[in-house]
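Peer 1: In our numbering, the protein residues as written are -15 to 231.
Glycine residues also receive a C-beta, built at the ideal position from the N, C-alpha and C atoms.
First, the structure itself, so that you have it in front of you.
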Ligand SMILES: [Zn+2]
């Protein structure tokens, strides 16, 4: 290589385009810089609009991604996406759609499921190119990250880390130190040299905050839809942040 410095890379974060996250794309970009992160993948649940917004604000730092729940309940992350992938598809189709876009299939927190964790992990690790072995939000229950690390080692897969931040202060809790890359092809090569770092485990109460945020938005959407005859929510864009942030 040409001696370029390693990068601090968070491959898993959310904006307010996720129903359970509060960070605006502008907050994310600002906090990522403060936290010393060189690259951040924005991986909203079933949505990439927030990632595009963040990338428009900071094209060098932001990687467009998406966290996609598959039909079987397994979650996969697509990195370097250009188009949204719908949720609820077969996991293999999700992986194919990520590959078709030239993206990278990443397995987030493969064991951190309340049910059917082993089957879901097997499915994700079967399809992924790299494994999240340190998820700051899963770190309060050590077996989840430990199992991911052990299995990735057995399979000889690249190991990465991410904050899974849903609120701004969580950014920087975990990241990978990865040899510098300028393209998806270089990223793929660099993955082999990834070193996961956990700075700080995010407390389980942040999951509660996310659930409360999501529930509050659902109620608000229902109230709004009630006035309009109970139609489907037309846009994911949360309008309820002012309300929810007061709690
Ligand atoms: Zn996530």
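(1) If you follow the alpha helix (DSSP H) that residue 82 is in, where does it begin and where does it stop?
(2) Does the segment -2 to 10 come into contact with the segment 196 to 205, if we say contact requires no fewer than three beta-carbon pairs (one atom in each stretch) closer than 8 angstroms?
(3) Report the residue from 130, 67, 173 whose alpha carbon sits nearest the alpha carbon of residue 145.
(4) Just checking my contact of residue 191 with residue 121 at CB under 8 angstroms: how many whole Å lie between their CB atoms?
(5) Considering residue 36, what are the terminal residues of the beta strand (DSSP E) in which it resides?
(6) Based on DSSP bridge pairs, tell me the residues matched to residue 51.
(7) Between which two residues does the beta strand (DSSP E) holding residue 159 run?
(8) For the beta strand (DSSP E) that contains residue 116, what are its first and last residues?
(9) Let me check understanding here. Comparing Cα to Cα, which of 186, 69, 164, 80 lies closest to residue 176?
(10) Kindly indicate which three-state DSSP category residue 24 falls into: helix, strand or coil?
(11) With a CB to CB cut of under 7 angstroms and the five nearest residues on each side skipped, what residues in its chain are close to residue 182?
(12) CB-CB under 7 angstroms to residue 126, same chain, minus the five flanking residues each way: which ones, in chain order?
(13) Name the DSSP bridge partner or partners of residue 143?
(14) From residue 13 to residue 186, what distance separates their C-alpha atoms?
(15) If we ignore side chains and look at the alpha-carbon of each, how far apart do residue 288 and residue 81 end up?
(16) Check whether the segment 74 to 88 and the segment 16 to 23 are in contact - that is, three or more C-beta pairs closer than 8 angstroms.
(17) Only counting runs of 4 or more residues, tell me where the alpha helix (DSSP H) segments fall wholly within the segment 177 to 212, in order along the chain.
(18) Which residues count as close to ligand 1 when the rule is a CB under 5 angstroms from any of its heavy atoms, in chain order?
(19) So, residue -6 versus residue 147, is the Cβ gap smaller than 7 angstroms?
(20) Residues in its own chain within less than 6 angstroms of residue 188 by CB, not counting five upstream and five downstream?
(21) Going by alpha carbons, who is nearest to residue 108 out of 154, 91, 206, 161?
(22) Does DSSP put residue -9 in a helix, in a strand, or in coil?
(23) Determine which residues share a DSSP beta bridge with residue -3 and list them.
Peer 2: Reading from the atomic positions:
(1) 75 to 84
(2) A contact exists between the segment -2 to 10 and the segment 196 to 205.
(3) 130
(4) In this structure residue 191 touches residue 121 by the C-beta definition: roughly 7 angstroms separates them, less than 8 angstroms.
(5) Not the beta strand (DSSP E): residue 36 falls in the alpha helix (DSSP H), residues 33 to 41.
(6) 29, 61
(7) 158 to 162
(8) 114 to 119
(9) 164
(10) In the three-state scheme derived from DSSP, where H, G and I count as helix and E and B as strand, residue 24 is classed as strand.
(11) 118, 120, 123, 145, 158
(12) Nothing meets the Cβ criterion.
(13) Partner(s): 115.
(14) Those two C-alpha atoms are separated by around 20 angstroms.
(15) The structure shown does not extend to residue 288, since the chain is modelled only from -15 to 231, so the question has no answer here.
(16) no
(17) 189 to 211
(18) 51, 148
(19) yes
(20) 124
(21) The residue from 154, 91, 206, 161 with its alpha-carbon nearest to that of residue 108 is 91.
(22) In this structure, residue -9 counts as strand in the three-state DSSP scheme.
(23) 26, 149
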